[in-house]
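Chains as they are written, first to last, in numbering that gives the first Met the number 0: chain E, 0 to 140; chain B, 0 to 357. Glycine included, C-beta positions come from ideal geometry on N, C-alpha and C. Remember, it's a predicted structure, so these values are computed and weren't measured experimentally. All remarks here apply to the structure that follows.
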Amino acid sequence: MKIAKYDFPDELRYDATHNWVRREGDEVVQGMSVFGQALAGEIMYVEPVAVGREVKQGAPVLSVESGKWVGRITATVSGTIVAFNSDLEWEPVLVNQEPYGRGWMIRIQPAALEEDWARLLEAGSEEFHALIAAERQKYNL
Amino acid sequence: MTQLLPCYRLGPVSWADSQALYHAQAHLGRPALNILWPTEPYVCIGRFQDLALEVDVERCRERGLPLVRREVGGGAVYLDAGQVFYQLVLPDRVEGRDYRSLFSLGLGGVAAALRRLGVSAVVRGTNDVAVGGRKISGNGAGTVGGAAVVVGNILLNFDYEAMAAVLRVPDEKFRDKAYQSMRENLVSLVELLRSASHARVAEEMVRALSANLAPDYRVEVQDSLPDDVVAALPGTAERLTDEQWLRSVERRRESRQVRIREGVTLFENRWKAPGGLLRAHGGLADGVVQWLSLSGDFFVDPPNGLEGLEAALTEVPVDRVRAAAARFLDQQGLTLPGVTAEDVERVVLGRPSSTVAS
Numbered sequence: 000m001k002i003a004k005y006d007f008p009d010e011l012r013y014d015a016t017h018n019w020v021r022r023e024g025d026e027v028v029q030g031m032s033v034f035g036q037a038l039a040g041e042i043m044y045v046e047p048v049a050v051g052r053e054v055k056q057g058a059p060v061l062s063v064e065s066g067k068w069v070g071r072i073t074a075t076v077s078g079t080i081v082a083f084n085s086d087l088e089w090e091p092v093l094v095n096q097e098p099y100g101r102g103w104m105i106r107i108q109p110a111a112l113e114e115d116w117a118r119l120l121e122a123g124s125e126e127f128h129a130l131i132a133a134e135r136q137k138y139n140l
Numbered sequence: 000m001t002q003l004l005p006c007y008r009l010g011p012v013s014w015a016d017s018q019a020l021y022h023a024q025a026h027l028g029r030p031a032l033n034i035l036w037p038t039e040p041y042v043c044i045g046r047f048q049d050l051a052l053e054v055d056v057e058r059c060r061e062r063g064l065p066l067v068r069r070e071v072g073g074g075a076v077y078l079d080a081g082q083v084f085y086q087l088v089l090p091d092r093v094e095g096r097d098y099r100s101l102f103s104l105g106l107g108g109v110a111a112a113l114r115r116l117g118v119s120a121v122v123r124g125t126n127d128v129a130v131g132g133r134k135i136s137g138n139g140a141g142t143v144g145g146a147a148v149v150v151g152n153i154l155l156n157f158d159y160e161a162m163a164a165v166l167r168v169p170d171e172k173f174r175d176k177a178y179q180s181m182r183e184n185l186v187s188l189v190e191l192l193r194s195a196s197h198a199r200v201a202e203e204m205v206r207a208l209s210a211n212l213a214p215d216y217r218v219e220v221q222d223s224l225p226d227d228v229v230a231a232l233p234g235t236a237e238r239l240t241d242e243q244w245l246r247s248v249e250r251r252r253e254s255r256q257v258r259i260r261e262g263v264t265l266f267e268n269r270w271k272a273p274g275g276l277l278r279a280h281g282g283l284a285d286g287v288v289q290w291l292s293l294s295g296d297f298f299v300d301p302p303n304g305l306e307g308l309e310a311a312l313t314e315v316p317v318d319r320v321r322a323a324a325a326r327f328l329d330q331q332g333l334t335l336p337g338v339t340a341e342d343v344e345r346v347v348l349g350r351p352s353s354t355v356a357s
């Protein structure tokens with residue numbers, strides 16, 4: 000689905016801080032949405048995350064740097080980190096270039112996927128459209 | 000609703016406290032506006048910089064310059080009493096990735112303070128304040144502990160030589176270029192206003208930042224720092240200067256940029272082409288290659304062919320580097336096996352030409 004010029008694949012879910020999450024078997028993959036990377040600008044660094052670390056939905060999991068700003072990325076679901084995209088250590092700009100592909104950030108083994116999934120937003124939902132509309136107005140995007 | 004924001008006009012403080020203070024306040028959840036300057040010089044690197052790649056550690060030791068890694072973004076900086084700092088520690092109610100708003104709280108105040116001093120300063124890009132196109136204030140931001148932090152300075156009397164001296168450089172030409180570029184693109188307040196003083200700058204920063212923070216915050220100057228903040232300073236300074244913390248980031252990226260001001264950078268890149276390792280360092284200004292030095296482990300015939308390639312790419316806009324390289328490589332008589340125009344573009348730009356999705 001497109002909202003203005005921003006692409007939000009229908010099969011993904013999204014959170015309010017512009018992360019996306021995709022189900023793959025019994026795991027999920029998380030990254031930054033095309034709108035999130037447009038807001039952040041060129042990503043200069045993605046902090047590696049240790050495999051095996053436990054994370055909570057909505058809690059910080061790693062930091063990124065763009066344009067002299069260091070900000071936090073939160074986990075889209077609770078669970079255990081099973082992989083970090085080490086390509087980002089060499090090419091953090093993959094987050095900008097291929098946000099839904101090679102720019103993925105982390106893979107999580109969820110602890111309570113169905114509950115967490117229900118709290119995430121669908122691209123076609125009114126709530127998600129309202130969120131993007133408000134953000135576009137706020138940031139003049 | 001208006002929130003009280005304590006302001007600490009501290010004047011001169013030790014180099015260690017000049018960094019430890021806002022970190023301690025952020026981790027303790029103590030919102031604040033600090034105005035201060037360090038009594039001794041030191042070198043401070045950004046949260047995710049690789050110390051060994053950015054700073055000539057040996058030179059810093061020779062010059063007796065302490066090293067600090069801060070928790071906010073940006074590049075390596077030489078800091079001393081010739082700069083007046085502001086440090087804004089705010090509740091982290093800044094949602095999502097609203098870093099532009101965070102920067103504007105600080106930068107808008109800095110620009111207004113300079114205008115009150117009689118200098119026509121403007122906010123340039125997201126995180127510079129400039130006068131006549133030259134940067135007069137450097138700034139960085141980040142989420143620290145539970146706080147949103149933006150910190151920066153006004154260059155009162157910047158030591159260009161000291162800044163150039165502490166950068167790690169591939170060769171002395173790069174250092175000379177860095178020095179020249181800073182001379183051309185930065186400006187100190189004393190160059191514009193002979194009467195500028197620490198006290199006057201500090202006074203106007205408090206006034207202008209207070210106005211810029213209203214109505215969300217009401218800035219109130221305090222007599223002294225809270226006890227818990229004072230107690231936390233030594234431990235915080237120790238943590239920020241700990242050798243393990245200083246060396247906690249090892250960048251694997253094959254490119255490095257030294258940002259002089261918005262739109263002006265020096266770069267040092269590597270790229271492994273099929274024909275061998277390419278290295279490039281040079282300067283970009285407003286999207287145009289200003290100067291370029293190429294080297295590496297690959298075959299080139301004639302041996303001086305690289306000089307021609309460097310010349311062919313100088314003063315070329317970055318979006319035309321690949322085409323200019325292709326024209327040059329197509330020339331008869333130049334053999335550069337396993338190196339394409341795309342490889343040359345990659346090593347000059349440090350990345351593919353089209354990077355940010357829209």
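*Could you list the residues in the segment 65 to 76 of chain E with a C-beta less than 9 Å from some C-beta on chain B, going in chain order?*
Listed by position along the chain: S65, G66, K67, W68, V69, G70 and R71.
*B/N211 and E/K67 closer than 9 Å at C-beta*: no
*Identify which residue in B/Q18, B/R115, B/T38 and B/T1 has its Cα closest to the Cα of B/G10.*
B/T38
*Which term fits B/D170, buried or exposed, when burial requires 16 or more other beta carbons within 10 angstroms of its beta carbon?*
exposed
_Option nearest E/F83 by Cα separation, candidates E/E97, E/L61 and E/Q96_ = The candidate whose alpha carbon is nearest that of E/F83 is E/L61.
*Count the other C-beta atoms from every protein chain shown that fall within 10 angstroms of the C-beta of B/Q243, then say buried if there are 16 or more, exposed otherwise.*
B/Q243 should be labelled exposed.
*Nearest to B/A140 (by Cα), restricted to the options B/L312, B/D241 and B/L87*: The option with the nearest alpha carbon to B/A140 is B/L87.
*Cross-strand partners of B/G295 (DSSP beta bridge)*: B/L277
*Look at B/L89 and B/L224 and say whether their C-beta atoms are less than 9 Å apart.*
no
*Who are the near neighbours of B/E94 in its chain, counting only those whose CB is closer than 8 Å to its CB and skipping five residues on each side?*
Note that B/E94 scores a pLDDT of 42, beneath 50, so its modelled location is shaky; the value from the coordinates is reported in the next line. If we look at B/E94 and ignore the five residues flanking it on each side, it has no Cβ neighbours.
*Count the CB pairs spanning the segment 80 to 98 of chain E and the segment 115 to 126 of chain E that are closer than 8 Å, and state whether there are at least three.*
With the rule of 3 Cβ pairs closer than 8 Å, the segment 80 to 98 of chain E does not count as touching the segment 115 to 126 of chain E.
*Just the Cα atoms here: how many angstroms apart are B/R96 and B/V149?*
Residue confidence for B/R96 is low, a pLDDT of 49 falling below 50, so the modelled location carries little weight and cannot support an answer.
_Cα-Cα separation between B/G151 and B/L104, rounded to whole angstroms_ = 11 Å
_Cut-off 8 Å between Cβ atoms - residues of its own chain near E/K1, not counting five sequence neighbours on either side_ = F7
*B/T142 CB to nearest chain E CB: under 9 Å?*
Cβ-Cβ to chain E under 9 Å: yes for B/T142.
_Between E/W103 and chain B, is the shortest Cβ-Cβ distance under 9 Å, so that the two count as touching?_
no
*So which residues of chain B does E/W116 contact, with C-beta pairs closer than 9 Å?*
Chain B residues near E/W116: none, gap ~21 Å exceeds 9 Å.
*asked:* Here's a check: name, in chain order, each residue in its chain whose Cβ is nearer than 8 Å to the Cβ of B/G72, leaving out the five neighbours to either side.
replied: G45, R46, F47, G139, A140 and G141
*asked:* Less than 8 Å between C-beta atoms, sequence neighbours within five positions excluded: which residues of the same chain meet that for B/R423?
replied: Because chain B is modelled from 0 through 357, residue 423 of chain B falls outside the range shown and cannot be assessed.
*At which residues does the beta strand (DSSP E) containing B/D226 begin and terminate?*
No beta strand (DSSP E) holds B/D226; the alpha helix (DSSP H) holding it covers D226 to T240.
*Is there at least one Cβ from chain B nearer than 9 Å to E/N129's Cβ?*
The residue asked about is misnamed: residue 129 of chain E is Ala in this sequence, not Asn. It does not: the Cβ of E/A129 has no partner Cβ on chain B nearer than 9 Å.
*Identify the continuous alpha helix (DSSP H) that holds B/L52 and give its terminal residues.*
L50 to E53
*Evaluate B/Q221 with the Cβ neighbour count: other Cβ atoms within 10 Å of its Cβ, from every protein chain shown; 16 or more gives buried, anything less gives exposed.*
exposed
*When you compare each of B/L308, B/L335 and B/T334 to B/A322 by their alpha carbons, which one comes out closest?*
Distances from the CA of B/A322 to each of B/L308, B/L335 and B/T334 were compared; the closest alpha carbon is that of B/L308.
*Extent of the continuous beta strand (DSSP E) to which B/Y7 belongs*: Q2 to V12
*Kindly indicate if chain B contains any beta-carbon less than 9 Å away from that of E/G78.*
no
*asked:* On the DSSP bridge list, what partners appear for E/Q56?
replied: E/A74
*How about B/L166 and B/E53: are their beta carbons less than 9 Å apart?*
yes
_Is there a Cβ of chain B sitting closer than 9 Å to that of E/A39, yes or no?_
yes
*With 16 other CB atoms within 10 Å as the buried threshold, where does B/N358 fall?*
No statement about residue 358 of chain B is possible, as the shown extent of chain B runs from 0 to 357 and does not include it.
*E/S124 to E/I80, Cα distance in whole Å?*
28 Å
*Using the DSSP secondary-structure output, state which residues sit across from B/I44 in a beta bridge.*
Paired residues: B/R68.
*So does the segment 18 to 38 of chain E actually touch the segment 93 to 104 of chain E, counting three or more Cβ pairs closer than 8 Å?*
yes
*Reference B/S180, options B/E341, B/L188, B/A198 and B/E160, closest by Cα*: B/E160
*Using beta-carbon positions only, say whether E/V28 and E/R135 come within less than 9 Å of one another.*
no
*Relative to the alpha-carbon of B/N184, which residue among B/E219, B/L208 and B/E261 has its alpha-carbon at the smallest distance?*
B/E261
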